[in-house]
Amino acid sequence: MKDFFNGEDHIVLALDDVSVNVSCGLHPWERHPERPTRLIISVRLFAPLATARAEQMKIIDYDKVRNRILALEKDGHIDLLETVADRVVDACFGDKRVVACQVCVRKPDIYNETRGAGINLFRTRERWSPPA
Numbered sequence: 001m002k003d004f005f006n007g008e009d010h011i012v013l014a015l016d017d018v019s020v021n022v023s024c025g026l027h028p029w030e031r032h033p034e035r036p037t038r039l040i041i042s043v044r045l046f047a048p049l050a051t052a053r054a055e056q057m058k059i060i061d062y063d064k065v066r067n068r069i070l071a072l073e074k075d076g077h078i079d080l081l082e083t084v085a086d087r088v089v090d091a092c093f094g095d096k097r098v099v100a101c102q103v104c105v106r107k108p109d110i111y112n113e114t115r116g117a118g119i120n121l122f123r124t125r126e127r128w129s130p131p132a
């Protein structure tokens, strides 16, 4: 497995199971704005522990990430969960100390026999392209 962190210790900030109603999906039944799809979004932010200590543990404000997730409700229809995840990733990298993030986006109500279907996206700042 590739070491994305060059052997450095990292602090991991977590924001778990934020529920948001979004018009999202490719199927015809997912394209009705009056019946948005419930998404559950979880985020992990990775920052070098040495950086956090050097800044006297100045907090990384995950409210900005949470607010971006909640604002997805106003973004209009989004076809793909990958697009949802990319928009959350952009918010994660709003703090320059975040070197990587993981975003999990689930549709919890898609199948009766599962807790949900969705994606996990792991992105490093090095490979991230800021929005135009």
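Start counting the sequence shown at 1; every next residue gets the next number (full-length UniProt numbering).
Even for Gly, the Cβ is constructed at its ideal location relative to N, Cα and C.
Nothing here was measured: the structure is a model prediction, and the numbers come from that model.
- Put simply, of 107, 122, 96 the residue whose alpha carbon is nearest the alpha carbon of residue 116 is 107.
- Its chain contains 117 as the residues whose beta carbon lies nearer than 6 Å to that of residue 110, once the 5 sequence neighbours on both sides are disregarded; these appear in chain order.
- Here DSSP, grouped into helix, strand and coil, assigns residue 16 to strand.
- For residue 122, the closest C-alpha among the options 112, 105, 132 is that of 105.
- Checking the DSSP bridge columns, you'll see residue 118 partnered with 106.
- Excluding five sequence positions before and after residue 26, the CB atoms of its chain that fall closer than 8 Å to its own CB belong to 79, 80, given in chain order.
- Distance from the Cα of residue 64 is smallest, within the candidate group 82, 39, 95, for 95.
- Nearest Cα to residue 32 within the set 77, 62, 82, 60: 77.
- A distance of 7 Å or more separates the beta carbons of residue 49 and residue 98.
- Per DSSP, the beta bridge partners of residue 37 are 22.
- In the structure shown, residue 71 adopts helical secondary structure according to DSSP, grouped into three states.
- Beyond the five residues adjoining it in sequence on each side, residue 17 comes within less than 7 Å, by CB distance, of 40, 42 in the same chain, given in chain order.
- With contacts defined as CB atoms closer than 7 Å, residue 23 and residue 36 qualify as a contacting pair.
- Taking C-beta atoms as the reference points, residue 125 and residue 93 count as a pair closer than 7 Å.
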